[in-house]
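Student: Protein chains in written order, with the working numbering: chain A, 12 to 360; chain B, 580 to 950; chain C, 521 to 884. Just so you know, even glycine gets a beta-carbon here, dropped at the ideal spot from N, CA and C. Note that the structure is predicted; figures quoted are calculated from it, not measured. Would you mind keeping the following structure in view while I ask a few things?
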Amino acid sequence: MSIATEFAAEAHATESAPEQAIEGRSQWYLTWRRLRHDRVAVGSVVVILIITLLAIAAPLFVSLTHHPPDSTYPLTGTTAAGLPVAPGVHGFWLGTDDVGRDLFIRILYGARVSLFVGVVTTAIAAAAGVSMGLIAGYFGGWVDAVLARFIDAVLAFPYVVLALALAVVLGPSLPVIIGVISFFSWAAISRIVRGQTLSLKEKEFVEAARSLGASPWRIMFLDILPNLLAPVLVLATLAIPQAIVFEATLSYLGLGIQQPTPSWGNILAEAQNFYQEAWWFVVFPAAALLITTLAFNLLGDGIRDAMDPRTERVFAAGRKRRRRGRAPARTVAVTAAAGGPEQPSSAAS
Amino acid sequence: MSVGAGDPPPQHDAGVAVGVPPGSSDAGTDDILVRVDNLVKYFPIRSAELFRRTVGQVHAVDDVSLTIRRGQTLGLVGETGSGKSTLARCIAGLIPVTSGRVWFEDRQITNLSRRKMQPFRREIQMIFQDPYGSLNPRRRVGSIIGEPFAIHGLASGADRKRRVQELMERVGLNPEHYNRFPAEFSGGQRQRIGVARALALRPKLIICDEPVSALDVSIQAQVLNLLADLQDDYGLSYLFIAHDLDVVRHVSNSVAVMYLGRLAEVGPKAPIYEAPRHPYTAALLSAAPAADPESAAQRQRIILVGDIPSPINPPSGCRFHPRCPKARDLCAEAEPALEPRLGDPDTHLTACHFPIEAGESLAAAGRRETP
Amino acid sequence: MSLLEVTDLRVSFPTADGVVQAVRGVSFTVEAGQTLGIVGESGSGKTVLTQTLLRLTPGGDISGEARFDGIDLLAIPDEDMRRVRGAQIAVIFQDPLTSLHPLFRVGWQISEMIRAHDKSVSKRQGRALAIDLLGRVGIPQPQQRVDDYPHQFSGGMRQRAMIAMALALSPKMIIADEPTTALDATVQAQILELLLELQRESGTALIMITHDLGVVADIADEVMVMYAGRAAEKGSKHEIFYEPHHPYTKGLLESIPNSSAGADRLKPISGQPPSLINLPTGCKFHPRCIYVMDRCVREEPPLVAVGGDGWHRSACWLPPAAAGLGSQAEEARRKVVNKARDGEAAQVAASISGSPDAEGQVIA
Numbered sequence: 012m013s014i015a016t017e018f019a020a021e022a023h024a025t026e027s028a029p030e031q032a033i034e035g036r037s038q039w040y041l042t043w044r045r046l047r048h049d050r051v052a053v054g055s056v057v058v059i060l061i062i063t064l065l066a067i068a069a070p071l072f073v074s075l076t077h078h079p080p081d082s083t084y085p086l087t088g089t090t091a092a093g094l095p096v097a098p099g100v101h102g103f104w105l106g107t108d109d110v111g112r113d114l115f116i117r118i119l120y121g122a123r124v125s126l127f128v129g130v131v132t133t134a135i136a137a138a139a140g141v142s143m144g145l146i147a148g149y150f151g152g153w154v155d156a157v158l159a160r161f162i163d164a165v166l167a168f169p170y171v172v173l174a175l176a177l178a179v180v181l182g183p184s185l186p187v188i189i190g191v192i193s194f195f196s197w198a199a200i201s202r203i204v205r206g207q208t209l210s211l212k213e214k215e216f217v218e219a220a221r222s223l224g225a226s227p228w229r230i231m232f233l234d235i236l237p238n239l240l241a242p243v244l245v246l247a248t249l250a251i252p253q254a255i256v257f258e259a260t261l262s263y264l265g266l267g268i269q270q271p272t273p274s275w276g277n278i279l280a281e282a283q284n285f286y287q288e289a290w291w292f293v294v295f296p297a298a299a300l301l302i303t304t305l306a307f308n309l310l311g312d313g314i315r316d317a318m319d320p321r322t323e324r325v326f327a328a329g330r331k332r333r334r335r336g337r338a339p340a341r342t343v344a345v346t347a348a349a350g351g352p353e354q355p356s357s358a359a360s
Numbered sequence: 580m581s582v583g584a585g586d587p588p589p590q591h592d593a594g595v596a597v598g599v600p601p602g603s604s605d606a607g608t609d610d611i612l613v614r615v616d617n618l619v620k621y622f623p624i625r626s627a628e629l630f631r632r633t634v635g636q637v638h639a640v641d642d643v644s645l646t647i648r649r650g651q652t653l654g655l656v657g658e659t660g661s662g663k664s665t666l667a668r669c670i671a672g673l674i675p676v677t678s679g680r681v682w683f684e685d686r687q688i689t690n691l692s693r694r695k696m697q698p699f700r701r702e703i704q705m706i707f708q709d710p711y712g713s714l715n716p717r718r719r720v721g722s723i724i725g726e727p728f729a730i731h732g733l734a735s736g737a738d739r740k741r742r743v744q745e746l747m748e749r750v751g752l753n754p755e756h757y758n759r760f761p762a763e764f765s766g767g768q769r770q771r772i773g774v775a776r777a778l779a780l781r782p783k784l785i786i787c788d789e790p791v792s793a794l795d796v797s798i799q800a801q802v803l804n805l806l807a808d809l810q811d812d813y814g815l816s817y818l819f820i821a822h823d824l825d826v827v828r829h830v831s832n833s834v835a836v837m838y839l840g841r842l843a844e845v846g847p848k849a850p851i852y853e854a855p856r857h858p859y860t861a862a863l864l865s866a867a868p869a870a871d872p873e874s875a876a877q878r879q880r881i882i883l884v885g886d887i888p889s890p891i892n893p894p895s896g897c898r899f900h901p902r903c904p905k906a907r908d909l910c911a912e913a914e915p916a917l918e919p920r921l922g923d924p925d926t927h928l929t930a931c932h933f934p935i936e937a938g939e940s941l942a943a944a945g946r947r948e949t950p
Numbered sequence: 521m522s523l524l525e526v527t528d529l530r531v532s533f534p535t536a537d538g539v540v541q542a543v544r545g546v547s548f549t550v551e552a553g554q555t556l557g558i559v560g561e562s563g564s565g566k567t568v569l570t571q572t573l574l575r576l577t578p579g580g581d582i583s584g585e586a587r588f589d590g591i592d593l594l595a596i597p598d599e600d601m602r603r604v605r606g607a608q609i610a611v612i613f614q615d616p617l618t619s620l621h622p623l624f625r626v627g628w629q630i631s632e633m634i635r636a637h638d639k640s641v642s643k644r645q646g647r648a649l650a651i652d653l654l655g656r657v658g659i660p661q662p663q664q665r666v667d668d669y670p671h672q673f674s675g676g677m678r679q680r681a682m683i684a685m686a687l688a689l690s691p692k693m694i695i696a697d698e699p700t701t702a703l704d705a706t707v708q709a710q711i712l713e714l715l716l717e718l719q720r721e722s723g724t725a726l727i728m729i730t731h732d733l734g735v736v737a738d739i740a741d742e743v744m745v746m747y748a749g750r751a752a753e754k755g756s757k758h759e760i761f762y763e764p765h766h767p768y769t770k771g772l773l774e775s776i777p778n779s780s781a782g783a784d785r786l787k788p789i790s791g792q793p794p795s796l797i798n799l800p801t802g803c804k805f806h807p808r809c810i811y812v813m814d815r816c817v818r819e820e821p822p823l824v825a826v827g828g829d830g831w832h833r834s835a836c837w838l839p840p841a842a843a844g845l846g847s848q849a850e851e852a853r854r855k856v857v858n859k860a861r862d863g864e865a866a867q868v869a870a871s872i873s874g875s876p877d878a879e880g881q882v883i884a
């Protein structure tokens, strides 16, 4: 047995409220407390908040710069050669695009599209994924057999190809994009929820609920679902950047958000012809995409670590040991815990 | 086998009336709270392929009959794979039975639909082994204990909170901890939460599935005392499952010993512990470590050979015969009936062709060392 | 000289929630061929204690000394420690499945374990040794079973295989951490019998860690009772079971159903074990102790001799005369406690009054 895990379990048992705290401390509170100490996660939250605020405040910047997103400025916004102007020139903070539109404003409006698509598709995918996964996992039998095969089928689809085909057939529009991305996102969530449900329904507290006479729906939504929220939250946080990238990809290929409505994807699509003449045209929208997706991914990892105190504790132990320069001890302990015969000398295991 | 709920209960032949204290075997049938007739539970083993053919059966419980008397405790003893937990779940209606019947008072409660079972849920409650796994970690204690009221629509709002806090007080918890989460309690306190939940609907029977085996010794005694007090106060009946023979001896009026899905021996506590008839009972008793060095040194241990066989292909004849120090040819061929042996009263039943006689020592016979 | 001499061992773990004081100054010795039983409930530090001896507690702050056969286990380089583990000190864990590698044959694991310590053993010899060892621990048909995978073994057989592995290099000491807890009673009896028999044959010292007083009564020579990271009481098996001095030891013995057979009510120890992050003041047992005095709240009692020969030691302020389960000892205890309490403020009594079952005194 690994001393780290046993110890973590032991410490968890002793991790109880002091006598004066009558009010219970929920899992969320404990998660939040751990998350607060994670500088990367806190940084990610700050970045996401800033991007969100900027997106919300986009019209404010329009009134400030007097540059609506769709307006072209052929005189001030393009050079004599008809190329985009550089950042800072003629009041274009981040320069302009090929037809002389304000790149900064367009990136802000692109952020609105990206965040909206990311959040809405993830919400739809999470709701659908959780319901399907819960039903498949809890009822089992033929219900599960049918749903699980369906999930497998969705996951097996070459989704980019299918998304392209759908966008062509149905015509590119925001609802179609949201529909397509949601359809391909729920299955991954569903599969994990199904697996978790399968293990949770064997827990004694579910049996206890059944022995009290609780209905299957009550058990699914009051007993099992609260235990799924943590992994679903992590999955959802990680699904948002995927959806954002997915949307950008579709738009980049001309099958997502259509001009003149700005989207990071279609800005990049236009910018690719100008990367030698106007670096800002490529770099700024790409950076926006990168920073946003990175922030969401790092936040997702942070939440996952914060929800699983075991990994956090092992890390804490690792830090401690590194500080004292006794690194080799860990290798030994871990192999002993795993009982690998490669290290038979360790603990006779 | 199925019997309509409207059928009259079967005749209560004294031969299967377990749990009757000596001298009161003529007590009326209305003393019997639960009666299990020839209960069988097989779990199918399915292949891993697409259509999941049934390729075998786990004989978890095989033809078990017993009764639980009102206000008394029946101890159910057995090792891993003996089927004791499966039997409990069949009685509680948590899993469908393969055949046989369970009677609660005068009503047949086998394989009822969830709706028809609902009134009986209020009468039969369970306490589980794992104080960590049996409480939903994401719900507050008040909501966990109040769950039975919510499900059965018995109390809500302030009334429910008041009743939950009364229950908390009754089982020795601080009612002010109403809004705490299970993780903020120690193992013993969590088990009290489980007791409070089981008690909420004022059931007549509580099935205790290893309620103290996950607890430390000093805490175990607290919970056992609580269970005893509640039995006195509310006239509860217990089906008490445990592998710790000392604990079962302390709490039970009568004892049933299971081995590999079958009853080996049943009867009042005293004869089972003092003069066991079945060699398995005797071996189990001698194997239990006693916290007393002197008696440990004096005791003649019956060391059984090997492990419990698989319940998928249980041995022929008497299921204990491959490990039994007294086994003879007959034991492999014929299955012994569960009946009074060697002039025992009809409350003490043993399923053994060659039961242990008074003064007989098995320890010598048991020295069949493994090769 | 003793085979193992542990002096003032302390282990603590820094965590996000505070410092967990798992072991707080434990000293003991183990003689060659002797069995020391370490009894304690969950969180008493018994497992951390022995794992620290093998340097298997990463992340822990460790102080103290542990001399095994002349070497300080806590000071030698990791490379040397690896040679001690397995060869000199072997371990048997509660769950053999976590210690046996699931993807390798049992015999191969035993053979590799031998060959890792002794390069001169050939594969063929290693296999022969593995068969011999499996036979010694009572596994039927070892020639065939040597090629089985761990999952083909039953729980009892896995534990036997673990014991075979522990014996492989003829260690001077075996540490068995709850080796029978996961097993059924009849199988537990087999394993204990086997351990005793093997110990008689080979003269190996054994440290048996368990929460089960019954196992200790069976197998131990000396017993150490641990509570909240310290030794509450140490002594011979006879002293611990028949002349317990520490109220915790006495409480443990009395809370077992068997010892009060016939009585309607058991005598539990009230309250809960303390949190190792937030330990009580003074004697760590005082919030649960029925003999608590003012001094117990203020000062932690040292482990002092309470028996004639000085080997029976207890960490309790009660006088040596208070050892035992009989009425005489009870009288001695009552006398001291009443005398102490007479002179004390009533608040001491108030701190321990209330229902003995009432929780909330210590939230573990």
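Taking only the alpha-carbon atoms, compute the straight-line gap between A/Ala-20 and A/Ala-66 and give it to the nearest angstrom.
Tutor: Residue placement at A/Ala-20 is flagged as unreliable, the pLDDT there being 38, under the threshold of 50; the coordinate-derived value follows with that caveat. Answer to the nearest angstrom: the Cα atoms are 44 Å apart.
Student: Taking the continuous beta strand (DSSP E) assigned at C/Ile-582, which residues delimit it?
Tutor: Here the beta strand (DSSP E) through C/Ile-582 covers 581-588.
Student: Could you pull the start and end residues of the beta strand (DSSP E) that A/Met-231 belongs to?
Tutor: Run containing A/Met-231: none; DSSP gives neither H nor E here.
Student: Determine the direct distance from the alpha carbon of B/Tyr-852 to that of C/Lys-715, and round the result to whole angstroms.
Tutor: In the sequence as presented, Lys is not what sits at residue 715 of chain C; that position holds Leu. Taking the straight line joining both Cα atoms gives about 28 Å.
Student: What does a CB cutoff of less than 7 Å around C/Gly-579 pick up in its chain, not counting 5 residues either side in sequence?
Tutor: Counting only Cβ-Cβ distances below 7 Å, and skipping sequence neighbours, we find Phe-533.
Student: Using C-beta distances below 6 Å, list every residue in its chain close to C/Pro-876, excluding the 5 sequence neighbours before and after it, in chain order.
Tutor: The pLDDT assigned to C/Pro-876 is 44, lower than 50, so where the model puts this residue is not dependable; a value taken from the coordinates is nonetheless given after this. Excluding sequence neighbours, C/Pro-876 sits near Ser-790.
Student: Using CA atoms only, rank isn't needed, just tell me which of B/Pro-904, B/Ile-935 and B/Pro-782 is closest to B/Pro-855.
Tutor: Ranking B/Pro-904, B/Ile-935 and B/Pro-782 by Cα distance to B/Pro-855 puts B/Ile-935 first.
Student: Using a Cβ-Cβ distance cut-off of 7 Å, determine whether A/Phe-216 contacts chain B.
Tutor: At least one chain B Cβ lies under 7 Å of A/Phe-216.
Student: Rounded to whole angstroms, what's the CA-CA distance from C/Ile-739 to C/Thr-555? Just pull it up for me.
Tutor: Cα to Cα, the separation comes out at about 7 Å.
Student: Looking only at DSSP bridge pairs, what is C/Leu-726 linked to?
Tutor: Paired residue(s): C/Thr-555 and C/Ile-694.
Student: Quick check: is the beta carbon of C/Val-792 nearer than 7 Å to any beta carbon in chain B?
Tutor: Looking at the sequence itself, residue 792 of chain C is Gln, so the reference to Val does not match. So, interface residue.
Student: So which residues of chain A does B/Ala-671 contact, with C-beta pairs closer than 7 Å?
Tutor: Per Cβ cutoff of 7 Å: Ser-222.
Student: At what residues does the alpha helix (DSSP H) containing A/Val-124 begin and finish?
Tutor: Counting along the chain, the alpha helix (DSSP H) containing A/Val-124 begins and ends at 114-150.
Student: Quick check: C/Glu-759 and C/Gly-827, are their CB atoms within less than 7 Å of each other?
Tutor: Yes; because the gap between Cβ atoms is below 7 Å, this pair is in contact.
Student: How long is the line joining the alpha carbons of B/Gly-922 and B/Pro-847, rounded to whole angstroms?
Tutor: Going by the C-alpha atoms only, they are around 15 Å apart.
Student: C/Leu-733 CB to nearest chain B CB: under 7 Å?
Tutor: Yes, because at least one Cβ of chain B sits closer than 7 Å to the Cβ of C/Leu-733.
Student: Terminal residues of the continuous alpha helix (DSSP H) containing B/Gly-767?
Tutor: 766-778 is the extent of the alpha helix (DSSP H) around B/Gly-767.
Student: Name, going along the chain, the residues of the segment 812-843 of chain B whose beta-carbon falls closer than 7 Å to a beta-carbon of chain C.
Tutor: Listed in sequence order: His-822, Asp-825, Val-826, Arg-828 and His-829.
Student: So within the segment 604-677 of chain B, which uninterrupted beta strand (DSSP E) runs reach at least 3 residues, ignoring any that extend past its ends?
Tutor: Counting only runs of 3 or more, we get 611-625, 633-648 and 652-656.
Student: Could I get the ranges of all uninterrupted alpha helix (DSSP H) runs contained in the segment 618-684 of chain C, with 4 residues as the minimum, in chain order?
Tutor: Runs of the alpha helix (DSSP H) inside the segment 618-684 of chain C: 626-637, 643-656 and 662-665.
Student: Any beta carbon of chain C sitting closer than 7 Å to that of B/Ala-849?
Tutor: Output row for B/Ala-849: interface = no.
Student: For C/Ala-702, which residues in the same chain have their Cβ closer than 7 Å to its Cβ, ignoring the five residues on either side in sequence?
Tutor: Here the set comprises Gln-614, Asp-615 and Gly-675.
Student: Determine the extent of the beta strand (DSSP E) in which B/Cys-787 is found, giving its start and end residues.
Tutor: 784-788 is the extent of the beta strand (DSSP E) around B/Cys-787.
Student: Which chain B residues sit within Cβ distance under 8 Å of C/Glu-742?
Tutor: Chain B residues near C/Glu-742: none, gap ~12 Å exceeds 8 Å.
Student: Look up C/Met-521 in the DSSP assignment and say whether it is helix, strand or coil.
Tutor: DSSP places C/Met-521 in coil when its eight states are reduced to three.
Student: Verify the CB distance criterion: does C/Lys-757 have a CB-CB separation below 7 Å to chain B?
Tutor: Yes, C/Lys-757 lies at the interface with chain B (some Cβ there is under 7 Å from its Cβ).
Student: Specify whether the segment 64-82 of chain A and the segment 99-119 of chain A touch according to this definition: at least 3 beta carbon pairs, one from each stretch, less than 8 Å apart.
Tutor: As far as the Cβ criterion goes, the segment 64-82 of chain A touches the segment 99-119 of chain A, which means the pair count is three or higher.
Student: Indicate whether the contact test is met: 3 or more Cβ pairs, each with one atom in the segment 815-833 of chain B and one in the segment 887-903 of chain B, closer than 8 Å.
Tutor: Judged by Cβ distances under 8 Å, the segment 815-833 of chain B makes no contact with the segment 887-903 of chain B, as fewer than three pairs qualify.
Student: Can you tell me the Cα-Cα spacing of A/Val-96 and A/Gly-102, whole angstroms?
Tutor: When rounded, the distance between both Cα atoms is 10 Å.
Student: When you compare the CB positions of B/Gln-687 and B/Arg-680, do they come within less than 7 Å of one another, or not?
Tutor: Taking 7 Å as the Cβ cut-off, B/Gln-687 and B/Arg-680 qualify as a contacting pair.
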